[in-house]
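In this note's numbering, the protein residues as written are 9 to 141. Below is one structure; the comments refer to it alone.
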């Protein structure tokens with residue numbers, strides 16, 4: 009039984025088409041067409057694109073893409089993309105320290121102002137009581 013790549017190559021040769029002509033007509037790069045004909049999926053091409061190339065190339069050559077797509081099974085399943093780790097944004101300890109120092113300094117200044125400007129002194133003695141007449 010012929011592989012899908014062999015069927016593609018045979019159909020291209022039966023039509024007398026060169027690889028360059030197929031590339032120009034399909035707008036699919038030669039290396040991808042060669043990968044299709046050699047049954048070697050290009051590792052730089054994702055599975056979805058490879059299937060689209062296979063469908064377009066088979067249709068261009070007058071073949072039914074359905075059976076060819078059913079035969080298609082990459083050697084290795086495409087690895088699932090890894091999720092990029094979300095960078096953890098750490099607050100700067102310097103900023104927190106500066107905030108604490110500023111609050112302490114502000115509190116100290118308010119305390120000093122209240123004690124120096126408005127010193128708490130002994131209240132003046134009450135006026136002497138008047139003798140009753």
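Where a beta carbon is used, it is the ideal one built from N, C-alpha and C, also for glycine.
Counting only residues of its own chain and dropping the five nearest sequence neighbours on each side, residue 59 has a CB closer than 7 Å to the CB of 77, 80. The DSSP-derived three-state label of residue 115 is helix. Where residue 56 is concerned, the enclosing alpha helix (DSSP H) starts and stops at 55-68. Contact annotation: residue 30 and residue 68 have beta-carbon atoms nearer than 8 Å. In this structure the segment 35-54 does not lie against the segment 90-103, because fewer than three pairs of beta carbons, one per stretch, are closer than 8 Å. Within the same chain, and ignoring the five residues on either side of residue 23 in sequence, the residues whose Cβ sits closer than 7 Å to its Cβ are 69. Shown here for residue 36: same chain residues with a beta carbon closer than 7 Å to its own, the five before and five after excluded, namely 61, 64, 65 in chain order. In the three-state scheme derived from DSSP, where H, G and I count as helix and E and B as strand, residue 101 is classed as helix. The shortest CA-to-CA distance from residue 73 to any of 139, 15, 111 is the one to 15.
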